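Q:
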Amino acid sequence: MKKYDDIVVGSGISGMTMSLILGMNRRKVLLLEKSPHIGGSMARFYKDGIPFDTGFHFTGGLHKGGILYNMLSILGINDLIEPIFLSEDKANVFIFEAENKHYNVPYGITKIKERLKGYFPEESAAIDSYFDKVKYVCEQTPSMNLHNLMSLHNHINEDSVTLDKVLNELTRNPVLKALLSCFAMCYGVRPDEISFANHSRMCIGLYESVARVKGGGAAFVNTFRTKFKDYAVEVSSGKYIAELADVRDDRVGRFILNTGEEVSCDNCIFTIHPKEILKVLPQKYLSRAFIDRVSSFESSTGFFSVFAALEQGYEEPDFDANIVTILPDYDINQLLDPAHKGPSALVLIKSIEHAGGKTYKVISTFEPSYLEDVEAWKNTKTGSRPGEYQDYKNRKVEITTERIFKAFPQYRGRLKIIDSASVLTFRDYLNNHDGSAYGIKQKIGQYNLVGKLPLRNLYAAGQSSLLPGIIGAMMSSFIVGRSIIKEEQYNKFLSQNLCN
Ligand SMILES: Cc1cc2nc3c(=O)[nH]c(=O)nc-3n(C[C@H](O)[C@H](O)[C@H](O)COP(=O)(O)OP(=O)(O)OC[C@H]3O[C@@H](n4cnc5c(N)ncnc54)[C@H](O)[C@@H]3O)c2cc1C
Numbered sequence: 098m099k100k101y102d103d104i105v106v107g108s109g110i111s112g113m114t115m116s117l118i119l120g121m122n123r124r125k126v127l128l129l130e131k132s133p134h135i136g137g138s139m140a141r142f143y144k145d146g147i148p149f150d151t152g153f154h155f156t157g158g159l160h161k162g163g164i165l166y167n168m169l170s171i172l173g174i175n176d177l178i179e180p181i182f183l184s185e186d187k188a189n190v191f192i193f194e195a196e197n198k199h200y201n202v203p204y205g206i207t208k209i210k211e212r213l214k215g216y217f218p219e220e221s222a223a224i225d226s227y228f229d230k231v232k233y234v235c236e237q238t239p240s241m242n243l244h245n246l247m248s249l250h251n252h253i254n255e256d257s258v259t260l261d262k263v264l265n266e267l268t269r270n271p272v273l274k275a276l277l278s279c280f281a282m283c284y285g286v287r288p289d290e291i292s293f294a295n296h297s298r299m300c301i302g303l304y305e306s307v308a309r310v311k312g313g314g315a316a317f318v319n320t321f322r323t324k325f326k327d328y329a330v331e332v333s334s335g336k337y338i339a340e341l342a343d344v345r346d347d348r349v350g351r352f353i354l355n356t357g358e359e360v361s362c363d364n365c366i367f368t369i370h371p372k373e374i375l376k377v378l379p380q381k382y383l384s385r386a387f388i389d390r391v392s393s394f395e396s397s398t399g400f401f402s403v404f405a406a407l408e409q410g411y412e413e414p415d416f417d418a419n420i421v422t423i424l425p426d427y428d429i430n431q432l433l434d435p436a437h438k439g440p441s442a443l444v445l446i447k448s449i450e451h452a453g454g455k456t457y458k459v460i461s462t463f464e465p466s467y468l469e470d471v472e473a474w475k476n477t478k479t480g481s482r483p484g485e486y487q488d489y490k491n492r493k494v495e496i497t498t499e500r501i502f503k504a505f506p507q508y509r510g511r512l513k514i515i516d517s518a519s520v521l522t523f524r525d526y527l528n529n530h531d532g533s534a535y536g537i538k539q540k541i542g543q544y545n546l547v548g549k550l551p552l553r554n555l556y557a558a559g560q561s562s563l564l565p566g567i568i569g570a571m572m573s574s575f576i577v578g579r580s581i582i583k584e585e586q587y588n589k590f591l592s593q594n595l596c597n
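In our numbering, the protein residues as written are 98 to 597.
Right, here's the structure in full:
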């Protein structure tokens with residue numbers, strides 16, 4: 098039986114970060130991945146020679162001193178990840194479809210405030226107050242500062258109030274409210290279900306700067322894979338834990354893999370969906386309360402996506418690599434409600450990609466969608482779904498394409514649709530529980546699964562633990578990594594690697 102210091106389950110950005118933190122701290126690590134390839138949502142795919150991203154398109158925090166910049170510095174990979182900052186002035190465009198009204202929202206908090214005050218001069222006080230509150234929450238959150246990383250967020254009053262309530266107290270302007278709550282698309286929870294504190298923690302990075310990364314998520318995957326070779330991190334794909342055996346004193350002694358191999362370790366860290374963790378844990382060691390808690394977690398939104406590119410040779414001088422959010426309505430609660438049947442929100446991510454000596458103007462779209470939308474086919478697998486499923490996808494693609502043309506009439510006749518993906522596609526390719534984009538729904542008052550599990554050598558990290566998005570997912574690994582390598586070693590690790 099092979100023995101490791103740590104086994105990390107799942108090789109998305111959380112699992113890769115966790116493995117590197119442990120490896121860099123002289124631990125012998127086995128990284129287990131169920132898919133044939135590592136990377137999870139960070140993986141890229143190529144169709145017709147064009148690169149498309151799966152679950153990583155843009156991020157905040159990559160500016161010097163930003164939280165992602167710092168995490169990459171600590172991992173010694175900052176120089177290998179090249180940010181491409183979006184045009185500061187029109188990083189985010191919001192289009193209210195009914196009135197065909199466009200709002201350009203830049204990044205940089207001072208600039209955003211100025212721009213919003215230009216659009217809504219009578220709401221100046223509300224705008225100031227909103228951003229003051231966001232900044233206050235982040236200042237009060239120790240885990241936003243890697244030096245102070247305690248364990249979790251401190252509970253503050255803003256954890257007990259919803260985003261919706263805060264906005265309703267600040268303004269009655271439905272457009273401003275929509276613009277301030279629209280980043281909910283980046284974590285997939287309705288404004289009346291998310292705490293103002295968690296909304297602020299997730300949005301602050303995107304308010305400060307918005308960047309893509311050269312080479313997309315694959316740049317991270319390649320960098321981590323190369324770095325693992327410098328440390329005792331062994332990557333094993335196509336494998337997962339089938340059974341936890343020899344439980345004594347609340348510790349698991351043997352980890353039996355799907356291949357029949359058996360391994361042992363001091364700690365095993367799961368970075369997968371909490372409900373998938375629950376399936377592996379031996380039930381007799383779990384309390385009813387624990388099982389009920391994990392079972393009650395709801396899903397964040399998933400997406401229906403269309404992947405397209407402008408025809409080669411079509412010169413579009415004004416093609417901005419940016420994020421365009423098309424909204425049929427001001428009510429973000431309704432637009433993120435699985436029961437909503439009317440026109441949906443639609444996010445377009447426009448980017449310029451280079452591959453095989455060619456340049457492509459790529460448009461990927463993301464429309465909130467849920468397992469309920471594809472209920473009829475939920476027991477089928479990618480590659481063997483019936484014709485009606487293809488009809489469903491074709492209809493969605495047609496509607497999406499028309500909405501793109503309505504917003505950008507110049508693309509009509511010049512846009513090549515390359516592929517599409519439903520919630521089921523994401524579920525199957527990413528081995529995730531339900532096709533949700535961000536794991537569990539981060540609901541106000543909820544107690545997530547993070548850190549030690551009921552069996553003492555098992556831990557939970559990953560996007561559902563703390564906050565979703567690559568920043569939240571990586572932060573969860575820093576927090577859990579710190580409790581494994583212990584505070585003194587962690588502080589040394591930080592000061593050796595963090596160059597501010
Ligand atoms: C369509 C979409 C768009 C997104 N866009 C952005 C964006 O632009 N910016 C951003 O910051 N975030 C974005 N996100 C969210 C972001 O991708 C995630 O929050 C983050 O990547 C999650 O990382 P993770 O490691 O926790 O999980 P994952 O990336 O889901 O990785 C989990 C890994 O575990 C593996 N696995 C599952 N079960 C097992 C098992 N039993 N044993 C072994 N391995 C297993 C999976 O195959 C997978 O590789 C997006 C997500 C989606 C789906």
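All residues carry an ideal CB built from backbone N, CA and C; glycine is no exception.
Quantities reported herein were computed from a predicted structural model and do not represent experimental measurements.
Go through its chain and collect everything with a Cβ distance to residue 455's Cβ below 8 Å, but skip five positions before and after it.
A: So the qualifying residues of the chain are 146, 409.
Q: If we require 3 or more residues per run, which beta strand (DSSP E) segments fall completely within the stretch 345-422?
A: The stretch 345-422 contains these whole beta strand (DSSP E) runs: 348-354, 359-367, 399-407.
Q: How many whole angstroms separate the CB atoms of residue 165 and residue 576, which I take to be in contact at a CB cut-off of 8 Å?
A: Between residue 576 and residue 165 the Cβ distance is about 15 Å, and since that is not below 8 Å, they are no contact.
Q: Any heavy atom of ligand 1 closer than 7 Å to the Cβ of residue 584?
A: No, Cβ of residue 584 sits at least 7 Å from all heavy atoms of ligand 1.
Q: Would DSSP call residue 308 helix, strand or coil?
A: Strand.
Q: Quick check: residue 180 and residue 213, are their CB atoms within less than 8 Å of each other?
A: Cβ atoms of residue 180 and residue 213: not closer than 8 Å.
Q: In this structure, what does DSSP give as the bridge partners for residue 513?
A: Paired residue(s): 406.
Q: Would you kindly check if the distance between the Cβ of residue 178 and the Cβ of residue 317 is under 8 Å?
A: In this structure, residue 178 lies closer than 8 Å to residue 317 by Cβ.
Q: Report the start-end ranges of each beta strand (DSSP E) in the stretch 197-273 that is 3 residues or longer and not cut off at the edges.
A: You should have 198-202.
Q: Roughly how many whole angstroms lie between the Cα atoms of residue 478 and residue 520?
A: Cα to Cα, the separation comes out at about 12 Å.
Q: Quick one: residues in its chain with C-beta nearer than 8 Å to the C-beta of residue 281, no 5 flanking neighbours on either side, listed in chain order?
A: Only 260, 287, 288, 291, 296, 429, 433 meet the Cβ criterion.
Q: What does DSSP give as the partner residues of residue 468 in its beta bridges?
A: Looking at the DSSP assignment, residue 468 forms no beta bridge with any residue, so it has no partner.
Q: Can you tell me whether residue 285 is buried or exposed, with buried defined as 16 or more other CB within 10 angstroms of its CB?
A: So residue 285 ends up on the buried side.
Q: For residue 182, which of helix, strand or coil comes out of DSSP?
A: Residue 182 falls in the strand class under three-state DSSP.
Q: If I follow the unbroken alpha helix (DSSP H) through residue 141, where does it start and stop?
A: Segment 141-144 is the beta strand (DSSP E) holding residue 141; no alpha helix (DSSP H) there.
Q: Could you check the C-alpha separation between residue 271 and residue 529 for me, to the nearest Å?
A: Near 35 Å, if we compare the C-alpha coordinates of residue 529 and residue 271.
Q: Which value, in whole angstroms, describes the spacing of the CA atoms of residue 184 and residue 191?
A: Each residue's Cα considered, the two are about 15 Å apart.
Q: Could you check whether the stretch 344-353 touches the stretch 533-544, counting it as contact only if at least three pairs of C-beta atoms, one from each stretch, sit closer than 8 Å?
A: No: the two stretches stay apart, fewer than three of their Cβ pairs being nearer than 8 Å.
Q: Quick one: Cα of residue 320 to Cα of residue 268, how far?
A: For residue 320 and residue 268, the distance between alpha carbons rounds to 45 Å.
Q: Give the DSSP bridge partners of residue 440, in chain order.
A: Note: residue 440 sits in no beta bridge, so no partner.
Q: Taking the alpha carbon of residue 384 as the reference point, which residue from 552, 563, 397 has its own alpha carbon closest?
A: Closest by alpha carbon: 552.
Q: Just how far apart, CA to CA, sit residue 390 and residue 558?
A: Using only the alpha carbons, I get a separation of about 16 Å.
Q: Give me the Cα-Cα distance between residue 265 and residue 254, rounded to the nearest whole angstrom.
A: Cα-Cα distance, rounded: 17 Å.
Q: Identify every run of the alpha helix (DSSP H) within the stretch 470-555, keeping only runs that are complete inside it and at least 4 residues long; order them along the chain.
A: Fully enclosed alpha helix (DSSP H) runs of 4 or longer: 484-504, 520-527.
Q: Could you tell me the alpha carbon to alpha carbon distance between residue 101 and residue 358, rounded to whole angstroms?
A: One C-alpha to the other measures close to 13 Å.
Q: Within 8 Å, do at least three Cβ pairs link the stretch 402-421 to the stretch 105-116?
A: Touching, no, given that fewer than three Cβ pairs across the two stretches are closer than 8 Å.
Q: Identify whether residue 290 lies in helix, strand or coil by the three-state DSSP scheme.
A: Here residue 290 sits in coil by DSSP.
Q: Out of 405, 237, 242, which has the shortest C-alpha to C-alpha gap to residue 256?
A: When only C-alpha atoms are compared, the closest one is 237.
Q: Under 7 Å: does the beta carbon of residue 392 sit that close to some heavy atom of ligand 1?
A: No, the beta carbon of residue 392 sits no closer than 7 Å to any heavy atom of ligand 1.
Q: How about the stretch 219-231 and the stretch 458-469: do they share at least three Cβ pairs that are nearer than 8 Å?
A: Output reads no: the stretch 458-469 does not touch the stretch 219-231.
Q: If you compare alpha carbons, which of 368, 400, 507, 352 is closest to residue 105?
A: The candidate whose alpha carbon is nearest that of residue 105 is 368.
Q: Cα separation between residue 315 and residue 464?
A: Looking at the two C-alpha atoms, the distance is approximately 23 Å.
Q: As a quick exercise: from 398, 350, 337, pick the residue whose alpha carbon is nearest that of residue 127.
A: Nearest of 398, 350, 337 to residue 127, Cα basis: 337.
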